Amino acid sequence: MKPILLISIFLFVFHLSSHAQSGMKDAFEKSFHIGAALNYRQVNGQETKALDVLEKHFNSITGENLMKWGPIHPELDKFNFEPVDKYVALGEKLNAFIVGHTLVWHSQTPDWVFEDSDKNLLEKDALIKRMEDHIEAVVGRYKGRVNGWDVVNEAIFDDGNMRTSKWYNAAGKDFIKRAFIKANQIDPEAELYYNDYNMWKPEKRNTAIALAKELRAEGIRIDGIGMQGHYGLESPTIEQIEASIIAISEAGFKVMFTELDIDVLPNPANRSGADIDATFASDEKYNPFKDGLPQEMQEKLAKRYGELFALFNKHSDKITRITFWGIHDGGSWLNNWPMRGRTAYPLPFDRNYDEKSDVIKEIIESRSVR
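Positions -20 to -1, 1 to 350 (mature numbering (1 follows the signal peptide of the UniProt record, and there is no 0)) are the ones given, in order, by the sequence shown.
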């Protein structure tokens, strides 16, 4: 056999081998980070398959629940740092971009945060002081190790009005401003974000942009706006998502998709987004794929992911990170929302941590679409 033919065969085989071994993070290494939200079992090493998948496919991680106020700061004088210490150490082992989620949120925050010793609601100054103390403790512990913080989460209703949470009722928009000020004081090197769902809706997006501009006009640092990305197979449209990418970027803020998943199951009100309070009683007719996802639906899932990543790649100059909300189907929150006990299929990996090859293929091949 001629040497030139041998070389050609070697290069071809090498190319196939390299392609087989490359993951999503390699495919988009020049575009944006590829992230995954991690649960306690993955951080603790109980789900041993998780590490191999993380090493191959992801270069960013987000704590799904372990850094929210309730889990990390359950009582006034008690912090639960051990799981978060493991999470941050794992991120460093992976050389990943580590995201802190979330410092201030209306949900999963204990009642004691808003109350004095007599169970009366705190006034504005006392509540903000409690919030600032929390931020100082959490951000301070991981200063220089966590790369970006979701400082405030879901403070806007879908119609563009500010959410009337206990935070807002006590302090108006000042709780948001003071949260960003404090986070910047404690770690001026970490990126700071506002994060919300249904950001494809113009009313909500416009309010978030106006809020971020207001902060900057007052000299308060905010680096980016996170679009959560809890989508369905058809809604929102690519055009609606694209409009928000462009609007946020043109306003001068980094764009990231922070909680991406695709719900293929029906629900009673065709709900989208991630309002965890919008739940329904269990009903088996909304759990149609208990024995596995039909091939037709799998193909629709792959096609939808391919279209989304083609859009992300088109705007890679504006987007810094794409984070899936979970790693595999079995760990997805969509198994229990908007009703408990569903069998959900929203992610690129199945319940055994095996790749959904057609989904991964569509995602990676979307790089060629412009």
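Backbone N, C-alpha and C fix where the C-beta goes; we use that ideal spot for every residue, glycine too. These figures come from a predicted structure and were not determined experimentally.
*Under three-state DSSP, which class holds residue 87?*
Translated into the one-based positions of the sequence shown, residue 87 becomes position 107. Coil, per DSSP.
*Report yes if the C-beta of residue 337 is less than 7 Å from at least one heavy atom of the ligand COA; otherwise report no.*
The model on display carries no ligand, and the ligand COA is accordingly not part of it.
*Beta-carbon separation (whole angstroms), residue 51 vs residue 23, contact threshold 8 Å*: Stepping through the sequence shown from its first residue, residue 51 is reached at position 71. Stepping through the sequence shown from its first residue, residue 23 is reached at position 43. Actually they do not touch by this definition, with Cβ atoms about 12 Å apart.
*Which value, in whole angstroms, describes the spacing of the CA atoms of residue 347 and residue 7?*
For the purposes of this step, residue 347 is taken as the residue at position 367 of the sequence shown. For the purposes of this step, residue 7 is taken as the residue at position 27 of the sequence shown. Residue 347 and residue 7 have their alpha carbons spaced roughly 8 Å apart.
*asked:* Within 8 Å of any Cβ in chain B, is that where the Cβ of residue 222 sits?
replied: Of the protein chains in the structure, only one exists, and it is not chain B.
*What residue ranges within the segment 184 to 272 form continuous beta strand (DSSP E) runs of no fewer than 3 residues, ordered along the chain?*
204 to 207, 210 to 212 and 234 to 243
*Where does residue -15 fall in DSSP's three states?*
Here residue -15 refers to the residue found at position 6 of the sequence shown. For residue -15, the pLDDT reaches just 46, beneath the cut-off of 50, and the residue's location in the model is therefore unreliable, although a value from the coordinates is still provided. Reduced to three states, the DSSP call for residue -15 is helix.
_For residue 108 and residue 154, believed in contact at Cβ under 8 Å, the rounded distance_ = Working through the sequence shown from its first residue, we reach residue 154 at position 174. Working through the sequence shown from its first residue, we reach residue 108 at position 128. Residue 154 to residue 108, Cβ: 7 Å. Contact.
_Nonlocal neighbours in the same chain, by C-beta distance under 7 Å from residue 160, ignoring five residues either side_ = Here residue 160 refers to the residue found at position 180 when the sequence shown is read from its first residue. Excluding positions up to five away in sequence, the list reads 131, 172, 195, 200, 201 and 202.
*Candidates 301, 188, 327 and 39, of which the one nearest residue 311 by Cα*: Reading the sequence shown from its first residue, position 331 is the one you call residue 311. Among 301, 188, 327 and 39, the Cα nearest to that of residue 311 is on 327.
_When you compare the segment 14 to 21 with the segment 35 to 42, are there three or more beta-carbon pairs, one atom per stretch, that lie closer than 8 Å?_
Cβ pair count under 8 Å is three or more, so yes.
*asked:* Can you give me the C-alpha to C-alpha distance between residue 66 and residue 80, rounded to a whole angstrom?
replied: On the sequence shown, residue 66 is found 86 positions in, with the first residue counted as 1. On the sequence shown, residue 80 is found 100 positions in, with the first residue counted as 1. Between residue 66 and residue 80, the C-alpha separation is close to 13 Å.
_Bridge partners - residue 180, DSSP secondary structure assignment_ = The count along the sequence shown starts at 1 and reaches residue 180 at position 200. Residue 180 pairs with nothing; no bridge assigned.
*When the Cα atoms are used, what is the spatial distance from residue 169 to residue 124?*
Counted from its first residue, the sequence shown places residue 169 at position 189. Counted from its first residue, the sequence shown places residue 124 at position 144. So the two alpha carbons sit approximately 7 Å from each other.
*asked:* In whole angstroms, give me the CA-to-CA distance for residue 213 and residue 115.
replied: To locate residue 213, count along the sequence shown from 1; it is residue 233. To locate residue 115, count along the sequence shown from 1; it is residue 135. One C-alpha to the other measures close to 37 Å.
*CB-CB length for residue 129 against residue 85, believed under 8 Å*: In the sequence shown, the residue the question calls residue 129 occupies position 149. In the sequence shown, the residue the question calls residue 85 occupies position 105. With 8 Å as the limit, residue 129 and residue 85 do not qualify as a contact, their Cβ atoms being about 12 Å apart.
_Option nearest residue 331 by Cα separation, candidates 133, 287, 290 and 315_ = The count along the sequence shown starts at 1 and reaches residue 331 at position 351. Of 133, 287, 290 and 315, the residue nearest in Cα terms is 315.
*Expressed to the nearest angstrom, what Euclidean distance is found between the alpha-carbon atoms of residue 291 and residue 46?*
As a position in the sequence shown, residue 291 is number 311, starting the count at 1. As a position in the sequence shown, residue 46 is number 66, starting the count at 1. For residue 291 and residue 46, the distance between alpha carbons rounds to 31 Å.
*Between which two residues does the alpha helix (DSSP H) carrying residue 152 extend?*
Locating residue 152 in the sequence shown gives position 172, counting from the first residue. DSSP places residue 152 outside any alpha helix (DSSP H), giving it a letter other than H or E.
*Backbone CA spacing between residue 164 and residue 4 [nearest angstrom]*: Residue numbering aside, residue 164 sits at position 184 when the sequence shown is read from its first letter. Residue numbering aside, residue 4 sits at position 24 when the sequence shown is read from its first letter. Taken atom to atom, the span from the alpha-carbon of residue 164 to that of residue 4 is near 32 Å.
*the segment 236 to 245 / the segment 297 to 309 touching (three or more Cβ pairs under 8 Å)*: yes
*Can you grab the Cα-Cα spacing for the pair residue 191 / residue 244, in whole Å?*
Counted from its first residue, the sequence shown places residue 191 at position 211. Counted from its first residue, the sequence shown places residue 244 at position 264. When rounded, the separation of the alpha-carbon atoms in residue 191 and residue 244 is 33 Å.
*Whose CA, out of 343, 308 and 152, lies closest to the CA of residue 30?*
Looking up residue 30 in the sequence shown gives position 50. The shortest Cα separation from residue 30 among 343, 308 and 152 belongs to 308.
*In its own chain, which residues sit with a C-beta less than 7 Å from the C-beta of residue 287, not counting the 5 before and 5 after it?*
As a working note, residue 287 is residue 307 in the sequence shown. Counting only Cβ-Cβ distances below 7 Å, and skipping sequence neighbours, we find 218.
*What's the call for residue 225, buried or exposed, on a 16-neighbour Cβ count within 10 Å?*
Here residue 225 refers to the residue found at position 245 of the sequence shown. So residue 225 counts as buried.
_Nearest-angstrom Cβ-Cβ length linking residue 136 and residue 188, presumed shorter than 8 Å_ = For the purposes of this step, residue 136 is taken as the residue at position 156 of the sequence shown. For the purposes of this step, residue 188 is taken as the residue at position 208 of the sequence shown. At roughly 6 Å, the Cβ-Cβ gap stays under 8 Å, so residue 136 and residue 188 are in contact.
*Skipping 5 residues on each side, what residues in its chain have a beta carbon closer than 6 Å to that of residue 209?*
If you number the sequence shown from 1, residue 209 lands on position 229. Here the set comprises 237, 239 and 240.
_Enclosing alpha helix (DSSP H) for residue 21 [first to last residue]_ = Translated into the one-based positions of the sequence shown, residue 21 becomes position 41. According to the DSSP assignment, residue 21 belongs to the alpha helix (DSSP H) that extends over 20 to 23.
_Considering just the uninterrupted stretch of the alpha helix (DSSP H) at residue 129, what are its terminal residues?_
Along the sequence shown, one-based indexing puts residue 129 at 149. No alpha helix (DSSP H) contains residue 129, which is instead part of the beta strand (DSSP E) from 128 to 133.
*residue 28, buried or exposed, once every other Cβ within 10 Å from all chains shown has been counted against 16*: Numbered from its first residue, the sequence shown carries residue 28 at position 48. Result: exposed.
*asked:* What residue range does the alpha helix (DSSP H) around residue 284 cover?
replied: Here residue 284 refers to the residue found at position 304 when the sequence shown is read from its first residue. Segment 275 to 294, the alpha helix (DSSP H) holding residue 284.
*Straight-line Cα distance separating residue 174 from residue 106*: Stepping through the sequence shown from its first residue, residue 106 is reached at position 126. Stepping through the sequence shown from its first residue, residue 174 is reached at position 194. So the alpha carbons of these two residues sit roughly 23 Å apart.
*Run through DSSP, which three-state label would residue 335 get?*
By 1-based counting over the sequence shown, the position of residue 335 is 355. Residue state, collapsed to three classes: strand.
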